[in-house]
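The structure under discussion appears below in the form of structure tokens.
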Amino acid sequence: MPPISRRSVLGGALGIPLGLPLLATPAIAQNAPLKIGLMLPFSGTFAALGESIAAAFDMHLKDESDPAKAPSNVNRLLGRERADALVGTVHSGVVMALVQAARDQEIPLIIPNAGNVAATRELCAPSVFRSSFSNWQPAYGMGKALAAKGIKKAAWVTWAYAAGKESGDGFGDGLRSGGAELTKVLTLPFPETNFQPLLAQLPGLGVDAVGAFFAGGGAIQFVKDYAAAGLRDKLPLCGSGFLTEGVLKPQGTAAEGLQTALHYGDGLDNPKNVAFRAAYKSFSNRDADVYAVQGYDAAQMLAIGLAATKGDRMATKEFAAAIQAATIDSPRGAFTVSASHNPVQTIWLREARNGENRVIGAAVEALADPGTGCKMT
Ligand code: PHB
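Start counting the sequence shown at 1; every next residue gets the next number (this note's numbering).
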């Protein structure tokens with residue numbers, strides 16, 4: 001597999017003025033350079049997530065998580081910038097514009113975060129792959145682990161958008177798989193952080209635990225507010241691992257001891273992960289987190305797919321077949337993709353200790369998203 005050259009990627013990135021979509025030109029085989037359009041958030045509540053993905057992908061792009069701006073950003077990448085493949089994005093609402101364009105124009109798309117289940121269920125497509133997770137997967141693992149501990153009733157607190165709702169569905173399915181129940185879902189609009197009205201309702205719900213999906217800036221605030229409200233001792237808090245991922249430092253002692261479930265964690269002792277963490281730290285001066293892993297794996301998957309096209313922009317069948325057949329050598333542990341193009345992966349149970357999300361066991365091994373309604377055409 002020809003590697004994507006760092007020099008050519010950086011060259012492409014540096015040539016684009018700040019604020020415009022940035023294009024990389026990976027050197028694949030001997031053919032003319034291909035243009036890869038990246039779309040990631042660099043402002044707003046998911047800014048740090050986008051930064052981790054981009055640092056690992058070796059790229060930079062400016063874009064907020066605003067679904068209203070998504071179609072024009074995608075059109076710019078595919079129109080004026082003439083991208084041959086797309087990589088993006090973080091937010092489940094924003095990614096739909098990319099999925100739509102990839103489907104309509106048969107452009108290869110690798111999703112390095114956004115977990116919107118539709119992308120690998122009813123809107124699955126031959127040229128669309130995810131290097132990340134479906135919203136359902138980590139929350140399913142959390143629900144299952146909670147039920148195994150003997151919790152009988154739990155509530156879910158989240159933002160009212162696709163990622164919040166779909167992770168709540170996963171949490172409920174996981175709880176039910178172990179004989180427990182999801183009895184209440186509380187939401188507030190994305191990306192609001194006035195959690196007090198929701199927190200005030202929790203003690204009266206008659207639940208034994210609370211699960212949550214928040215990420216980035218919102219996760220920092222929620223975990224702090226939950227602790228400050230004195231709820232930690234009364235109602236154990238858990239969640240999809242994004243709740244504490246990449247944000248433990250600003251959360252401080254408020255996060256200590258929180259258990260979450262995710263397809264990555266600190267202390268995963270495989271040689272690929274050890275090497276990746278060291279290389280990423282020296283390259284970006286950041287500590288690796290799940291977002292960096294997903295960005296890195298997006299680049300790996302893209303390289304595998306593009307190598308198989310031998311530079312032919314129309315060879316989407318070859319692109320898809322190569323990734324479908326591959327085992328991705330990921331820092332999270334090697335994985336393959338399911339028939340609907342979503343990673344089949346272990347969901348780890350982690351506990352926040354001294355600034356790390358320490359892996360304490362597997363919540364569920366080799367978990368595939370159900371892929372319901374996916375028909376590859
Ligand atoms: C999403 O919108 O799909 C999303 C955003 C941030 C995360 C995870 C999922 O950390």
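The beta-carbon is built from N, C-alpha and C at its ideal position, and this holds for glycine as well.
Inspect the CB distances between the stretch 251-267 and the stretch 285-292 and report whether three or more fall short of 8 Å.
Counting Cβ pairs under 8 Å, three or more are found: they touch.
Spatial distance of residue 159 from residue 238 (CA atoms):
Counted from its first residue, the sequence shown places residue 159 at position 159. Counted from its first residue, the sequence shown places residue 238 at position 238. The alpha-carbon atoms of residue 159 and residue 238 are separated by roughly 15 Å.
Presumed contact (8 Å Cβ cut-off) between residue 175 and residue 186, rounded CB distance:
The residue labelled residue 175 in the question sits at position 175 within the sequence shown. The residue labelled residue 186 in the question sits at position 186 within the sequence shown. The Cβ separation is near 16 Å, so there is no contact.
Where the alpha helix (DSSP H) containing residue 51 begins and where it ends:
Reading the sequence shown from its first residue, position 51 is the one you call residue 51. Its alpha helix (DSSP H) spans residues 47-57.
Contact belief for residue 128 with residue 87 at Cβ below 8 Å, rounded distance in angstroms
To locate residue 128, count along the sequence shown from 1; it is residue 128. To locate residue 87, count along the sequence shown from 1; it is residue 87. Actually they are not in contact, since the Cβ atoms of residue 128 and residue 87 sit about 12 Å apart, beyond 8 Å.
If you drop the 5 nearest sequence neighbours on each side, which residues of the same chain put their C-beta closer than 6 Å to that of residue 329?
Here residue 329 corresponds to residue number 329 of the sequence shown, with the count starting at 1. 272, listed in sequence order.
Do you know how far the Cα of residue 241 is from the Cα of residue 227?
By one-based count along the sequence shown, residue 227 stands at place 227. By one-based count along the sequence shown, residue 241 stands at place 241. Their Cα atoms are separated by approximately 17 Å.
Taking the alpha helix (DSSP H) that residue 271 falls in, what are its first and last residues?
Within the sequence shown, the letter at position 271 stands for residue 271. 271-284 is the extent of the alpha helix (DSSP H) around residue 271.
Do three or more CB pairs link the stretch 132-143 to the stretch 339-357 at distances below 8 Å?
The stretch 132-143 is in contact with the stretch 339-357.
Just list the residues that DSSP pairs residue 238 with in beta bridges.
Reading the sequence shown from its first residue, position 238 is the one you call residue 238. Its beta-bridge partners are 211, 259.
Short of 7 Å in beta carbon distance, which residues of its chain neighbour residue 48, apart from the five on each side in sequence? Order them along the chain.
Residue numbering aside, residue 48 sits at position 48 when the sequence shown is read from its first letter. So the qualifying residues of the chain are 216, 246.
Please determine whether the Cβ atom of residue 115 lies at a distance below 6 Å from any heavy atom of ligand 1.
The sequence position of residue 115 within the sequence shown is 115, counting from 1. Result yes, Cβ under 6 Å from ligand 1.
Can you say whether residue 211 is buried or exposed, counting buried as having 16 or more other CB atoms within 10 angstroms of its CB?
Taking the sequence shown and counting its residues from 1, the one referred to as residue 211 is at position 211. When all chains shown are included, residue 211 counts as buried.
Give me the residue from 294, 40, 162 with the minimum Cα distance to residue 135.
Translated into positions along the sequence shown, residue 135 becomes position 135. Looking at 294, 40, 162, the one whose alpha-carbon comes closest to that of residue 135 is 162.
From residue 342 to residue 73, what does the alpha carbon distance come to, in whole angstroms?
As a working note, residue 342 is residue 342 in the sequence shown. As a working note, residue 73 is residue 73 in the sequence shown. Distance from the CA atom of residue 342 to the CA atom of residue 73, rounded to whole angstroms, is 24 Å.
Return the chain-ordered list of same chain residues with a C-beta closer than 8 Å to the C-beta of residue 353, the five sequence neighbours on each side being excluded.
By one-based count along the sequence shown, residue 353 stands at place 353. Excluding residues within five positions, the ones whose Cβ falls inside 8 Å are 256, 257.
Whole angstroms are fine: how far does the CA of residue 203 sit from the CA of residue 235?
Here the question's residue 235 lines up with position 235 in the sequence shown. Here the question's residue 203 lines up with position 203 in the sequence shown. About 8 Å.
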